[in-house]
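>
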Amino acid sequence: MLKKIVIIGAGSAMFTQGLVIDLLKNPCGFQWHLCLVDIDGQTLEAISKLVEKMLLAKGADILLTSTTDRCEVLPGADYVITTIGVGGRRAWEQDVFIPRKYGVNQPVGDTAMPGGISRAMRMIPAMLDIANDIQQLCPDAYFFNYANPMTANCRAIRKKTASPVVGLCHGVHHCEAYLAQFAGLEKHALTARAVGVNHLTFLYDIRNNGRDIRPLLRQKLAEIKAAATGRTHATVYKPQEQVPAELDEPFSWEIFDRFAAFPAPGDRHITEFLVEHFPGGSYYGKTLGYDAYSFEKTIKYGDRIHAEMIRLGQSTQPLPDDFFSMVSGEHEQLMDIIDAIEHDRHSFFSVNLPNEGAVKQFPASAVLEMPAIAMAGGLKPLQLDDFPDDLAALIQRPLAIVEMTVEAALTGNRHLMEEAILMGGYLSDAAAVARMTDELLKAQKSYLPQF
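In our numbering, the protein residues as written are 581 to 1031.
1. Name the DSSP bridge partner or partners of residue 611?
2. DSSP on residue 984, reduced to helix/strand/coil?
3. Taking the alpha-carbon of residue 844 as reference, which of 858, 800, 781, 605 has the nearest alpha-carbon?
4. Quick check on the burial criterion: 16 or more other C-beta atoms within 10 angstroms. Buried or exposed for residue 651?
5. Going by CA-CA distance only, name the one from 614, 693, 601 that's closest to residue 1000.
6. Could you tell me which residues DSSP puts in a beta bridge with residue 660?
7. If you drop the 5 nearest sequence neighbours on each side, which residues of the same chain put their C-beta closer than 6 Å to that of residue 921?
8. Within the continuous alpha helix (DSSP H) that includes residue 637, where are the two ends?
9. In whole angstroms, give me the CA-to-CA distance for residue 597 and residue 617.
10. If you follow the beta strand (DSSP E) that residue 777 is in, where does it begin and where does it stop?
11. Along the chain, where does the alpha helix (DSSP H) containing residue 1003 start, and where does it finish?
12. Would you mind giving the Cβ-Cβ distance between residue 979 and residue 939, rounded to the nearest angstrom? I have them listed as a contact below 8 Å.
13. Evaluate the contact criterion for the stretch 717-727 versus the stretch 658-666: three or more CB pairs, one atom per stretch, below 8 Å.
14. Under the assumption that residue 733 contacts residue 707 (Cβ atoms under 8 Å), give the Cβ distance between them as a whole number of angstroms.
15. According to DSSP, simplified to helix, strand and coil, what is residue 645?
16. Per DSSP, which one or two residues make a beta bridge with residue 792?
17. Taking DSSP as the reference, what is the three-state secondary structure of residue 1027?
18. So for residue 829, helix, strand or coil by DSSP?
19. Compare the beta carbon distance of residue 804 and residue 794 with 7 Å and say whether it is the shorter of the two.
20. Measuring alpha carbon to alpha carbon, tell me which of 957, 930, 902 ends up nearest residue 752.
21. Identify which residue in 993, 942, 619, 981 has its Cα closest to the Cα of residue 971.
22. Quick one: grab the DSSP three-state call for residue 942.
23. Which class does residue 691 belong to by DSSP, given the choice of helix, strand or coil?
24. So, is residue 779 buried or exposed, given that buried needs 16 or more other C-beta atoms within 10 angstroms?
25. Could you give the first and the last residue of the continuous alpha helix (DSSP H) run that contains residue 915?
26. Taking the beta strand (DSSP E) that residue 958 falls in, what are its first and last residues?
Now the structure itself:
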């Protein structure tokens, strides 16, 4: 049977390559028609040629189509994936560099803080256009979103369209592996119940073969601190020998000490939600966005990966022998979810869905990152009556900011955008926030049809 999957934003520096590798590893028992969509024709041509080389190298029976017009390929789609970034890295830079002028230092700036709010202003109109096209052209397709700001994008789509988008992110999955290695267990030995907003999700029930391992995590952490090695874990992101000899994820471990829950996906993101702990971006003797989680290095890395993708696609040579060992899968479990849906496997995944009563402390419409079961018919959230009230309190403000942000993006009301920034506590000077908002809107004007 032929299944059709459409990737909108296929020029993403990392995602498309990773997805193709996952598709090659696990086609779920189907033949696939893979459709790549990107509005940048040059990038699309290069990634299409690169994917052709990948398919040829593996002898894969996958039909490949590429187009700059998504409406050409949406009809008949079984799965639609969005990984767009309106304005790309150059627009993202302005989300971070403009707030810096006002003393707001952001390590990421794609989800929370003024950068995430600014990003939402240009992302939400584009995401709504895509959602409406999906509803019109392939209403029965499963719609998965990877684009940030995840919570705001999914909330806006659910609020203004009938499209049942599901948000996917690797944060909880990576943290489970991270904590397993820290505890001295196999990488995939843990299961966790986790609830939050994307990029601030609390793993509050962490088990190995049914046993709560939080006491073991506390014991290991105490041993490491007593040994004064400064090391807190064996990272899942780099080989053991490449891990620097410094305290890794120190704030996440402070949260664990206080609340007996570990926040995913770690300090780089969670510091942007709990800014009062880091005045001026001060972070354990360093500064967020500079020498702690350097934003410039993030941009430079993305530019390098994108340039390498273009080079490989445009080259007349076959792929290097080590290509598939150097480029990993996308790790966000998309093909596993598709497999579970197609074969009714009743498997569990961490996804972003409307609450709809699953977690009692939050409104039904709130988009939460939480466990859901994948089966024939889609994904259904689990009922989690045991989520702690103290953790719920930490999530209330981010959810309120998302609501204000979404309303600002939907209406083009710059005053609501200012209020969203003020609500986060990033700046207490309303006049400065107004000036910052002016600069952000001016810098992103070409992407903001609603303002």
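Don't be surprised by glycine CBs; every beta carbon is placed ideally from N, CA and C.
Per the coordinate set shown:
1. 582
2. helix
3. 781
4. exposed
5. 693
6. 586, 723
7. 954
8. 621-638
9. 14 Å
10. 771-777
11. 994-1003
12. About 11 Å separates the two Cβ atoms, so there is no contact after all.
13. yes
14. 5 Å
15. strand
16. 787
17. helix
18. coil
19. no
20. 930
21. 942
22. coil
23. coil
24. buried
25. 914-922
26. 958-961
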